[in-house]
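In the working numbering, the protein residues as written are 39 to 1252. The beta carbon of each residue, even a glycine, is placed where N, CA and C say it ideally should be. Here is the structure we will look at.
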Amino acid sequence: MASLVEPEYVFGLRGGVHQCVVHIDTDVIAYSAGAFLVLHNTVTHSQSFLSGTEEGAPTALAISSKRQFLAVCREGDPASVSVWDMTTKKKQRYLTCPEMTSGKYVAAAFSPDERMLAAQGGPPDWTLVLYLLEKGKVFSVLRLSDTPGLGPVASVLYHLEDNGVLSVVGERVVKLLKLNDKLLKTWGYQGGHNHNCHCQVWADQHTLLIGTDVGSVLLLEEGELRTEIKVSHPHLGPECDKRSSGEGLVGLGGRGPGPRHRRVTALAVFNGGFLCACGPDKIFVFQKSDDINEHYVQRFMLRLCEASPASVVSGRGEHTITVLSLSPGEKTIVAATHTSQIFTNPLPSLEPSKLPSLMFTPLHAKHHEGGIVDADTCLWKPVVVTGGQDRTVRVWDFQNHRLLLSHAFREDIFSLSAHPSGLHVAVGMTDALRLLHVLFDCLRTYMELKIRRCAVSSFSPSGHMLAAADGNLLVITSSVTFKKICTLKGHSTKITGIGWYPDSSAAITCAGDGIAVAWDILNCVRLWEVGSITSPTYLTSALSLDNSPTLVTGSGRSCTEITDGQAMQDIQYGSGGDLICASLAPVRSLIALGTSSGKLVMNKFPLHLAESFSTVAGHFGAVVKALVTSDEGRVVTCGGDGVVVVWKITMEQKETPEYLAARERIEDLPQILEMLVSRDDLKAKQDYTEELERRVSYLARDKEVHLGLQQQEFAASKDALVARYNQILDQMNDTIQTLEKERESLRGTHDVELKKVTAAHDTVMAEHQQELRQKLLYEYSKQDKLEVKLKEMQRTLDRQVQEAERRTRVELQQRLDEQVTIVQQLTADLEKTSAELERERNDYMVIRCFTFRVHFDSRIQRECEQKDMEVKALGEERSKLNSSIRGLERELAALRKEVNHRDDVIHDRESKITTTRERIGELEKQRFLLEHQLNQLKSSNMQAASKRVKIKQLEDEMTETRLVVGARERQVKDLSQRLVTSRQLTRHLQQRHHSLDTTLTRVLSDVATAAQMIHHPKKLKELVKSLNDRYVRGSRDKQFWTRTELDKPKSPEDSAMMDAGGPGEEAVPELLRQREMLERSVATLRAQSQKQTRAHKDKVTKLVQENSELLESVRKLEERCWRQEEELKQAESMAGLRDPRSGKRRASRDYLIQTVTRQADTIARLQEQIRMLHGSSKKDLGRGPEIHMQALDSNSAESDNGLGKTTKIHIPGL
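See the structure below:
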């Protein structure tokens, strides 16, 4: 059957997909949501879809460098890769690898030329496959499971320009691979086992950036680790080197590790720096540094959103960024999180004058962070209300494709029901069923029903009643008076579905006991009951065309149609999972079913008119709720994957009279487009608006005043600047006139000097040219002479060769003629003597002829040998002449080269002379400018020197004045102190003198009284005793009365002094003299103390230096020991006693025990030496301070009490 629906809009994002968001164009992004690949326009927020549900769930996305191809990796058996052409929106290739044992690919990447695709397989073998896109075949395969200590692989990436270079990163793995003859070989950095990596990006053709889980970014240049860039921020917490052991970045689809982890989860490169996602909700911007030793510098931080108070405590609501995608023009950043959210923000500018936007905004709407629990639609308003596992309730406008409202709760949500008006919603929570107003910005509770964990609830079509399931009980409550109408019991198990008659006169329930019951609400009785239904889990009702109520209920793969209490039709669903939800169109023309496999099943209704089911995949989780809107134009499905899909119904309806009548009744329902606003909120908004208006008016007035003052200041500063710059212009004009005069005066001198220099230069050049011409003529003449000599030698050689050949021919001819003549003579002699010798012919002639022949042959042979020797000598002479000819030719060629070289030298010298002339002209100009500047600098230097001399004189005078003032101040202070002391002494003496006068008066009066008793001895005696006890024994002036000086007779001077007023005036100089003596002694003691202190410091410094030298020697000994240990390890490795990879020894146990014993003895001996050195240093160090302290103690004992006491100081061993 043809599809009855097509996707219109999708809210949500599929988590757990590597690179789940990619840019197709400047304004279009692609991401996976539900069973679709969504192409979303970030400007108009329109969507188009690429469907490939038959191939399995997507696990990774990859976009080519030119944005032409998009690769979608899907899990399955086997795992596959689909390559889409984004210009035609058609599938180009479907790639699989038979050598893959894993059921999914975790990452993919295109080559720079878009001819190859690298796909990284998942566990257990982690196979890397290279596909050739033109042929759709496997090009190369590499199994990474052979790597020791390999963890989950997180990312694979091609080089920006080289098609044969790839990089693979993951937990305890950083591999740089190079393609060589269809084989991938490792190169570059080999320390990947020390890092847990999650993402990577090529900054340029030489630099690779890798994000780790300890808040740092590894920077590799040319395959080698150069530096480690630390991400620092107070909110990231302390640094930690603990390595996580999760499933890498692929495991971020759920909550995964804690949101406050310091790992770097995403990287993106832009022109001038890179973006780094580290920690929850944070993106750090790094800029290229001008410093050679510092590659990048951290500029500022961007945030996805403001952290809520709950997220600070529990971590709920924080977002770990998994993907950062930049638009091709580097204008927009798109970030995806592990909570299935998409945020966007303009790329911040790195210019200091431009303030960047530091807060991201959601791309379109905030999605559910988990699965959806329940959903409902309104009859009188085009909205859908959803409740999710993230404890949020969201209100969606499915016509305009936007989110109207989102509200979070602190308790879990179990059920949800929307009022037909869309102004109220009932939410079942842990402790109660709450009734909430849907306000324009939030949800507000206005009533609570004590029903715990309510699984099913439903408002009546008229909206004045609410039916809720409390276990196996049905509770009917008035939504107007909030009073319970009735409680109905008719099931033995929990109620799983609730429906209503269209006129709200009766409610329908179904439960796991297989019974569907209709209840009369007014009379609280059963209307009808239908049994023999196999454990129904859902129920939906609608109005039939004949005004009779109709419902559909069922479970598993069957559904039953019930009309007026009778089971009319039972239909079975063939395949594609169990049916878990259903929805009927308001006029009963269409039924929508949701399955546990995430598919939407559509068919006509009533069921006896149903044809084959139309199945469309929409989710990768179970379809929790399928809702047909009131206008029957759309179907809204909510899945367990947190995605909300709006479908457009494309089925053509038959416009029968009954259908048209039912549609008219539906269209007559009221359309409520308003939102509720509470009086308190309105009052608060008005107050806030008035406050803002007052603040704006105040700020406007303040700004006007501030601008007026600024204008005045600017006008004043403008006038000052104009006057200043006019003065500067006048000075510059004067300077220009002066310089013009100097230029005119110097121009004549310069012309004369230039003429002289030019004439001298021309003379020198003429001499050089004449000399060069003479040398050239001499060389030419020498060359001519050599050529003439060579020609003469050639002719001479030719003549000699010809003459030798002629002489040789003549001599040979002469000798041949002689031999012929001799032969003729011999022949004649033989003829003459033939008769004579006929007798001897038999015996002598043979001997004679033989002798003559031998003699003749030997002679001819000797002559031939001589001629051969002569010819050979001539040949040797000829070869010598030829060699001399070749030598002369080589000399001639060398001379020609030398002549050419000299021509080139002459040409170069002429060009250099021309260049030198031009340079001399430029230098003359520069010399003139420099002389002018030098004169100005000399004048300014002279003025500065005179000013410096004046400043120095003033400073000297100020120093002398300060010294004089300081001396005067010290004298005044000393005199004031002396005056205060003298006044105190004088006051003390006066008081004592007054007390003595008083005492003397009393004594005189007592003596006068005693004198009256002179005639009474006893009384006189008693009176004298009392006087003695009072004034001598018990008086505080006893010392004064008992002093021996009082017994001495007074001198006239003392009498005169007493008459003049006492000894006060004479005591003051004496006291001052004693004070001066004491001050001198104190100064002497201070000088001695300072001298001893300096000596002690020198000794301590010497001891510290000796101690540092000892420590340095100890450190050298330790380094020597370490080096010896390293050499020992190397020697053991070379000898085969130690494993070169692990560094562990392979020796026997006895040998190891002996080695450890020797090392322990060596360590003990070194510790004893260090202890002895420390002891000797402490002994020398402690002796000096004790001597110094004793000296200070002796000095302090002699000094006055006003001096500070010196205490012993213990200096620990350095």
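For residue j and residue i, the rounded distance between their alpha carbons
| i | j | result |
| --- | --- | --- |
| residue 907 | residue 866 | 34 Å |
| residue 414 | residue 471 | 16 Å |
| residue 1248 | residue 1207 | At residue 1248 the pLDDT is 34, less than 50, meaning the model places this residue with poor confidence; the figure from the coordinates comes in the next sentence. Those two C-alpha atoms are separated by around 24 Å. |
| residue 1067 | residue 1046 | 17 Å |
| residue 21 | residue 122 | Because residue 21 is not part of the residues shown, which for the chain are 39 to 1252, the question remains open. |
| residue 555 | residue 595 | 22 Å |
| residue 334 | residue 197 | 21 Å |
| residue 181 | residue 199 | 25 Å |
| residue 525 | residue 482 | 27 Å |
| residue 572 | residue 475 | 38 Å |
| residue 139 | residue 179 | 12 Å |
| residue 853 | residue 920 | 31 Å |
| residue 1036 | residue 1011 | 37 Å |
| residue 37 | residue 99 | It is not possible to answer for residue 37, since the shown part of the chain is limited to 39 through 1252. |
| residue 669 | residue 685 | 13 Å |
| residue 510 | residue 440 | 38 Å |
| residue 1005 | residue 974 | 46 Å |
| residue 784 | residue 983 | 28 Å |
Own chain partners of residue i with C-beta closer than 8 Å, once the 5 adjacent residues on each side are dropped
| i | result |
| --- | --- |
| residue 1041 | 1065, 1069 |
| residue 543 | 558, 559, 560 |
| residue 803 | 951 |
| residue 688 | 41, 42, 43, 44 |
| residue 125 | 106 |
Short Cβ contact (8 Å threshold) for residue i with residue j
| i | j | result |
| --- | --- | --- |
| residue 404 | residue 363 | no |
| residue 191 | residue 211 | yes |
| residue 944 | residue 850 | no |
| residue 188 | residue 177 | no |
| residue 227 | residue 262 | yes |
| residue 1048 | residue 1034 | no |
| residue 663 | residue 597 | no |
| residue 641 | residue 652 | yes |
| residue 590 | residue 622 | yes |
| residue 213 | residue 202 | no |
| residue 325 | residue 341 | no |
| residue 318 | residue 358 | yes |
| residue 370 | residue 80 | yes |
| residue 528 | residue 564 | yes |
| residue 457 | residue 465 | no |
Whole-Å CB distance - residue i paired with residue j, under 8 Å assumed
| i | j | result |
| --- | --- | --- |
| residue 24 | residue 302 | Here the chain has residues from 39 to 1252 only, and residue 24 is not among them. |
| residue 49 | residue 434 | 7 Å |
| residue 396 | residue 368 | Contact doesn't hold; Cβ gap of about 18 Å is too wide. |
Same chain, Cβ closer than 6 Å to residue i, neighbours up to 5 away in sequence not counted
| i | result |
| --- | --- |
| residue 488 | 470 |
| residue 96 | 55, 70, 110, 112 |
| residue 562 | 524 |
| residue 500 | 542 |
| residue 321 | 313, 315, 340 |
Cutoff 7 Å; reference residue i; Cβ partners in own chain excluding five residues on either side
| i | result |
| --- | --- |
| residue 636 | 73, 655, 656, 657, 658, 659, 660, 661, 677 |
| residue 516 | 502, 503, 523 |
| residue 402 | 83 |
| residue 220 | 177, 178 |
| residue 423 | 413, 414, 431, 433, 454, 456, 463 |
C-beta neighbour in chain B for residue i, strict 8 Å
| i | result |
| --- | --- |
| residue 1135 | In summary, chain B is missing from the structure at hand, where a single protein chain is found. |
Ordered list of alpha helix (DSSP H) runs contained in the region 307-387, each at least 4 residues: 347-352
Which whole runs of the beta strand (DSSP E) in the region 152-201 are 3 residues long or more, in chain order? 154-159, 165-170, 175-181, 191-196
Give the list of continuous beta strand (DSSP E) stretches no shorter than 3 residues that lie fully inside the region 114-144. 118-123, 128-134
Would you mind listing the alpha helix (DSSP H) stretches within the region 978-1065 that are 4+ residues and don't spill past its ends, in chain order? 1055-1065
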